[in-house]
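Here the structure is laid out as structure tokens; the discussion comes afterwards.
Right under this line is the structure:
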């Protein structure tokens, strides 16, 4: 406590842009989220109105924190975000198409340095600095949300790849000629099965091809999601359990392939689907092990992020700021 | 030339252990293979007789190079070789089962420090130091031989993973419930299709399920391999072309998944199958691109190693020695 009075401490803004909503917070160096909020991403047809609203909702928080002078910079996690160029490119889960120079646009608006990376990379940094991956040098972060994202850490470093786009595990093909992904036009990718949309599609398909009674038959199709499937499953609903088993089968296979690629100490899962706990984790673990060759078996941990969901990505994004020059 | 008389220069031994044969050489710091030779791996039922023969065949070369005093150490590339522990573990393509402390055993025999890694990692180091990957920080090396191996370089470093076993791309599952791999008991792995054995199996299957005449029908089954398929294909044999198309389809899909994982600048292919040139490269490239999401399309190079096949892995293995403490 002798080093710095709290009022003089430099702070960082972390901003996590998801396909549905955007979360933001002002964070100190110890990973305390001092102020935070959220807003819709989806309703903004243009990135300009999105940035305008972000500025409006963040400005009072910045004032509460002592003004722009105390903020070192802004870290942003966004789907298909590129660490090297500060752009988001062809993001299937965002309303804005093409290549968008998001870091520069936010920087121009806020007059603060902005560092951007993809949302799962930001979450991986958050876990490494403040969460379940503290002390790990090799792990994979998987975010199971609107889409499926991933951040890969090897030798203690985030893998960005030659162009800044590494870690798109959600788009790897698990079932050739499998389910069509509306956003990418590719068939059989992990994201078509293990995302929020994917679980809904599996639920619809499972209900359609069976005559079995199910609590899920009372749920309107547009409300079918991992939460409603979870609620049915804990009451022992057979089809709901089948939906988790199938989702775990696909996810477990994709995780096995990822393990045989970079041999991580742990895979850290994050996002809505993980709330189903063992209902999704048990089949995922079982199918991962089933697909691993012997040298990899029974040594990779599958962990669920214990950071508050709203905090992990904000913390990770804010952590980008501390490395800004 | 003022620094060191060549006769005083320190040398390294590089040794590449494959499922069928083992290649070895004595290499200088500039990557010149001064002396080299090869021997059978397959015929040795025990690792002890293998090491004894290796000692017998290498000793005269060491004498020619000026004796043990000039050798800094031995670098070994071997399937399922572990950089951290110096062991080979459960290698499906080697005659010796279980966990074998190979580095220690060779060290005891030769009285020289030994560093071991998997064969594809060794080849990746060879390419990075002396071959097609010079100057690259993110690339993937794929060896298409008896098995399918891979070495992944990201941020300029080889990815070993938390346990030293990263880079087993050959065992990733491409077709769930696909072709059985005799060595691992897993179904549908890349190695079941894109290895020497895999191409032979595809050839047998293709010939069986078609009535089409083919030059390959004259080849005895135990001689069917990528070479005989190549020879038929360059004469326009329809089924031979189909076999390459199918192999390229599977390999291209696996490469697309690898690209979406670590986003390399290039994939460098190495090994027997690459001798078919465009017959295998064209379908591989086409199917890789087909499975990539937009941000990755048309920017990853697929290159064929231009190091002499016998040299690349020896050079890579020898390069391990220069980092020995």
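Protein chains in written order, with the working numbering: chain S, 1007 to 1331; chain U, 1007 to 1331.
Glycine included, C-beta positions come from ideal geometry on N, C-alpha and C.
Since the model is a prediction, treat every value here as computed from it, not as a measurement.
Does the beta-carbon distance from residue 1313 of chain U to residue 1133 of chain U come in below 8 Å? Cβ atoms of residue 1313 of chain U and residue 1133 of chain U: closer than 8 Å.
Any alpha helix (DSSP H) of 4 or more consecutive residues that is wholly inside the region 1195-1268 of chain U: With a minimum length of 4 residues, the continuous alpha helix (DSSP H) runs that stay inside the region 1195-1268 of chain U are 1197-1200, 1202-1214, 1232-1239, 1244-1268.
Give the range of the alpha helix (DSSP H) segment to which residue 1132 of chain U is assigned. Its alpha helix (DSSP H) spans residues 1125-1136.
Below 7 Å CB to CB, which residues in the same chain sit around residue 1227 of chain U once its five sequence neighbours on both sides are set aside? Listed in chain order, the non-local C-beta contacts of residue 1227 of chain U below 7 Å within the same chain comprise 1210, local neighbours out to five positions each way being set aside.
Does any CB atom of chain S fall closer than 8 Å to the CB of residue 1333 of chain U? The requested residue 1333 of chain U does not occur in the structure, where chain U is confined to residues 1007 to 1331.
Residue 1264 of chain S to residue 1074 of chain U span [Cα, whole Å]: If you draw a straight line from the Cα of residue 1264 of chain S to the Cα of residue 1074 of chain U, it is about 42 Å long.
Using 8 Å as the limit for Cβ to Cβ distance, is residue 1301 of chain U near chain S? Interface residue, yes.
Step through the CB atoms of chain S and report whether any lies within less than 8 Å of the CB of residue 1163 of chain U. At least one chain S Cβ lies under 8 Å of residue 1163 of chain U.
Give the C-beta separation of residue 1214 of chain U and residue 1204 of chain U to the nearest angstrom, bearing in mind that I take them to be a contact with Cβ-Cβ under 8 Å. About 16 Å; that fails the 8 Å criterion.
CA-CA distance, residue 1023 of chain U and residue 1046 of chain U? C-alpha separation (whole angstroms): 9 Å.
Please confirm whether residue 1190 of chain U has its beta-carbon closer than 8 Å to some beta-carbon of chain S. Yes - at least one Cβ of chain S is within 8 Å of the one on residue 1190 of chain U.
Determine the direct distance from the alpha carbon of residue 1164 of chain U to that of residue 1195 of chain U, and round the result to whole angstroms. Approximately 23 Å between the Cα atoms of the pair.
To the nearest angstrom, report how far apart residue 1319 of chain U and residue 1147 of chain U are at their CA atoms. Rounded to the nearest angstrom, the two C-alpha atoms are 11 Å apart.
For residue 1049 of chain S, which three-state DSSP category applies? In the three-state DSSP reduction, residue 1049 of chain S falls in the coil class, being neither helix nor strand.
Go through its chain and collect everything with a Cβ distance to residue 1221 of chain S's Cβ below 6 Å, but skip five positions before and after it. Counting only Cβ-Cβ distances below 6 Å, and skipping sequence neighbours, we find 1238, 1243.
Starting from residue 1142 of chain S, follow the alpha helix (DSSP H) in both directions and report where the run begins and ends. From DSSP, residue 1142 of chain S is part of no alpha helix (DSSP H); its letter is neither H nor E.
Just to check my reading of the structure: residue 1018 of chain U and residue 1081 of chain U have Cβ atoms closer than 8 Å, yes? What is that Cβ distance to the nearest angstrom? The Cβ separation is near 6 Å, so the contact holds.
Is it the case that the Cβ atoms of residue 1267 of chain U and residue 1158 of chain S are separated by a distance below 8 Å? Yes, they are a contact pair.
Partner residues on chain S for residue 1201 of chain U, Cβ-Cβ distance less than 8 Å: Correct list: empty, because the minimum Cβ distance to chain S is about 14 Å.
I want to verify the contact list: residues of chain S whose CB lies under 8 Å from the CB of residue 1248 of chain U, in sequence order. Within chain S, not a single residue places a beta-carbon under 8 Å from that of residue 1248 of chain U; the smallest gap is close to 17 Å.
Any Cβ of chain S within less than 8 Å of the Cβ of residue 1204 of chain U? Not an interface residue.
Compute every distance between the C-beta of residue 1168 of chain S and the non-hydrogen atoms of the ligand COA, then say whether any falls below 7 Å. Absence of the ligand COA from the depicted structure is noted, as is the absence of any ligand whatsoever, leaving it without description.
Contact list for residue 1144 of chain U against chain S, beta-carbon separation under 9 Å: What residue 1144 of chain U touches in chain S: 1165, 1166, 1167, 1168, 1169, 1172.
Have a look at residue 1031 of chain S and residue 1130 of chain U and give me their C-alpha separation to the nearest angstrom. Here the alpha carbons of residue 1130 of chain U and residue 1031 of chain S stand approximately 43 Å from one another.
Please report the distance separating the alpha-carbon of residue 1156 of chain S from that of residue 1276 of chain S. A direct Cα-to-Cα measurement between residue 1156 of chain S and residue 1276 of chain S gives close to 10 Å.
What did DSSP end up calling residue 1299 of chain S once you bin it into helix, strand or coil? Coil.
Expressed to the nearest angstrom, what Euclidean distance is found between the alpha-carbon atoms of residue 1077 of chain S and residue 1086 of chain S? Rounded to whole angstroms, the separation of the alpha carbons of residue 1086 of chain S and residue 1077 of chain S is 26 Å.
Can you name, in chain order, every residue of its own chain whose Cβ lies under 7 Å from the Cβ of residue 1112 of chain S, other than the five neighbours on each side? Excluding residues within five positions, the ones whose Cβ falls inside 7 Å are 1057, 1080, 1082, 1120.
Taking the Cβ atom as the reference point for each residue, do residue 1124 of chain S and residue 1160 of chain S lie within a distance shorter than 8 Å? Contact: no.
Apply the 10 Å Cβ neighbour rule to residue 1065 of chain S and answer buried if 16 or more other Cβ atoms are within range, or exposed otherwise. Around the Cβ of residue 1065 of chain S, a 10 Å sphere holds fewer than 16 other Cβ atoms; the residue is exposed.
Please list, in chain order, the chain B residues whose beta carbon lies closer than 8 Å to that of residue 1266 of chain U. You won't find chain B in this structure, because its protein chains are S and U.
Classify residue 1043 of chain S as helix, strand or coil using the three-state DSSP reduction. DSSP places residue 1043 of chain S in strand when its eight states are reduced to three.
Please list, in chain order, the residues of the region 1303-1314 of chain U that have any C-beta partner in chain S closer than 9 Å. For the region 1303-1314 of chain U, which is checked against every Cβ of chain S, the residues closer than 9 Å are 1305, 1306.
Can you tell me the Cα-Cα spacing of residue 1326 of chain U and residue 1122 of chain U, whole angstroms? The straight-line gap from Cα to Cα measures roughly 8 Å.
Close Cβ partners of residue 1010 of chain U (< 7 Å) along its chain, the five nearest in sequence each way excluded: Because the pLDDT of residue 1010 of chain U is 43, which lies under 50, any placement of that residue in the model is unreliable, and the number read from its coordinates should be weighed accordingly. So the list is empty, once near-sequence residues are dropped.
Report the three-state DSSP secondary structure of residue 1305 of chain U (helix, strand or coil). In the structure shown, residue 1305 of chain U adopts coil according to DSSP, grouped into three states.
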